[in-house]
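Novice: Starting off with a structure, shown below.
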Amino acid sequence: MPEEHAIMFLRRKLPIVHLCMLLLALVMAVPAHSADPPSKKDAFLAKAEAYTKEGKHAEAIIELRNAVQLDAKDAVTQYKLGEAYLRQGKPENYQEALKAFESSVKNDPSLVVAQIKLGELYLLSGQFAKAQERAEAVLKNDAQSVEAHVLLGNAYGRRREFGKAIETLEKARKLEPKRMQTYINLATLYTANKDTTPAEKLLQEALTIEPKSMPVHSALASFYASQKQFPKAEELVRKALELEPSNVALHLQLGGVYNAQKKPVEAEAALRRATEVGSDSLQAFITLGDFYSQSQRATEAADAYKKALLLKPEAAAPKEKLAELMLMQQKYDEALKYAEELGKVRETKSVGQYFKGRVALAKGQVTEAITALQRVNKEAPGLGQA
């Protein structure tokens, strides 16, 4: 019956007490989707936290985005969303993370973790002035913030203002003398400023404070390698590997030290070991492929690059390596195949066009080559010096 008739029927047929009880029952039977926004948001956040613990970052992102839609002013949730994007480890998600941190800071400028994380992403994207602004915003309210001093020092360093960078990071070191990364950053700055003596002393001092610090061993090894003191570098990498035997980056570093000394047998062994301990490491297989390519071992190089591509089919780096390798071997059809795959993705479209132009040029198709390479120069100036 129509709604108004039903109400009139209830009024006529039921005592007022019974009517109130019926209405109360109807209210209690309302579906769960009418719950108030805060409780729905809490449910989304709880799911996101559970997914994060399970390593399901894509699912966590969905739940956090749902929570943000309910409360766009929640700075903490925006920050968590940015962190979730970063945990996926995909460069294409950095822009989304950046947006989330920007929203977080806009909603609550006092949220220091968001300010610092935003500044770090600005550094990565080359926006050094913006990174400096984030650091200064934190220091304005907390002059003792180690993280802000480090961010500011790194921003100065990236702008090659080494004097300011060193002065700022020294303040951070005094505030937290046992923070090893500060020693590493300072040593890097001194080295970049052609002042190697304090760089070496800083890293040696760091090792006296934390004798089992793998990052410091690795950093000091890199310093000695940059000074062509390869035996010292090798010794330090080996000590670092004693601390972390399954660290892929350390095996790659050891391979690099051997390669710099023209010890191909030892270099290959170290790089192959990297692919064994890091069987899911894209970088390990690409580095091994590079070694084989430089050694004129094209078949083995192709195998390594293809294994990298199998690990991550959407990755651009293996396709670029394979396109270059096939081009050098005059396997133009295969080179063109990888060029076309690169061209299907917006971020690497110009790279694909660049390889197409080079293939056309190698095949004597001058007009097609000029057209392709001119397009590359227009869309991505400087790419491959096309």
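Counting with mature numbering (1 follows the signal peptide of the UniProt record, and there is no 0), you get residues -34 to -1, 1 to 352 for the letters of the sequence shown.
Idealized CB from N, CA, C, for every residue including glycine.
This one's a predicted model, so the numbers in the text were calculated from it and none came from an experiment.
(1) Ignore the nearest five residues each way along the sequence and tell me which others in A199's own chain have a CB closer than 6 Å to its CB.
(2) How would you call E58, buried or exposed, if buried means at least 16 neighbouring beta carbons within 10 angstroms?
(3) Counting only runs of 4+ residues fully inside the segment 71 to 149, write out the alpha helix (DSSP H) ranges in chain order.
(4) Only counting runs of 4 or more residues, tell me where the alpha helix (DSSP H) segments fall wholly within the segment 240 to 318, in order along the chain.
(5) Could you give the uninterrupted runs of the beta strand (DSSP E) lying entirely in the segment 178 to 209, keeping only those of 3 residues or more?
(6) Pairs of beta-carbons, one from the segment 271 to 280 and one from the segment 295 to 302, closer than 8 Å: are there three or more?
(7) Using a Cβ-Cβ cut-off of 6 Å (strictly less than) and excluding sequence neighbours within five positions of N107, which residues of its own chain qualify?
(8) Can you give the Cα-Cα distance for T162 and I150, rounded to whole angstroms?
(9) So what does DSSP say about Q331, is it helix, strand or coil?
(10) At a cut of 8 Å, does the segment 68 to 80 reach the segment 40 to 50 through at least three beta carbon pairs?
(11) Give the DSSP-derived three-state secondary structure of K322 in the structure shown.
(12) Pick out whichever of T337, Q98, L152 and A282 has its Cα sitting closest to the Cα of T314.
(13) Considering Cα atoms alone, identify which of D246, Y60 and R31 is closest to residue 381.
(14) Hey, could you find the ends of the alpha helix (DSSP H) A38 is sitting in?
(15) Please say whether G85 and A101 have beta carbons closer to each other than 8 Å?
(16) Taking only the alpha-carbon atoms, compute the straight-line gap between K344 and R263 and give it to the nearest angstrom.
(17) List the whole-angstrom C-beta distance separating V112 from E142, where the pair is believed to meet the contact cut-off of C-beta under 8 Å.
(18) How many whole angstroms separate the CB atoms of A206 and L218, which I take to be in contact at a CB cut-off of 8 Å?
(19) Take the Cβ of D40 as the centre, count every other Cβ of all protein chains shown within 10 Å, and call the residue buried at 16 or more, exposed below.
(20) From the DSSP output, in three-state form, read off P347 for me.
(21) Counting only beta-carbon separations shorter than 8 Å, does N120 have a partner in chain D?
Specialist: Here's the rundown:
(1) A187, Y190, A191 and V223
(2) exposed
(3) 78 to 90, 94 to 107, 112 to 124 and 128 to 141
(4) 248 to 260, 264 to 277, 282 to 294 and 298 to 309
(5) none
(6) no
(7) none
(8) 13 Å
(9) coil
(10) yes
(11) helix
(12) A282
(13) The shown model of the chain, from -34 to 352, leaves out residue 381, and the question about it has no answer.
(14) Here A38 belongs to no alpha helix (DSSP H), and DSSP marks it neither H nor E.
(15) yes
(16) 35 Å
(17) 5 Å
(18) Contact doesn't hold; Cβ gap of about 12 Å is too wide.
(19) buried
(20) coil
(21) In summary, chain D is missing from the structure at hand, where a single protein chain is found.
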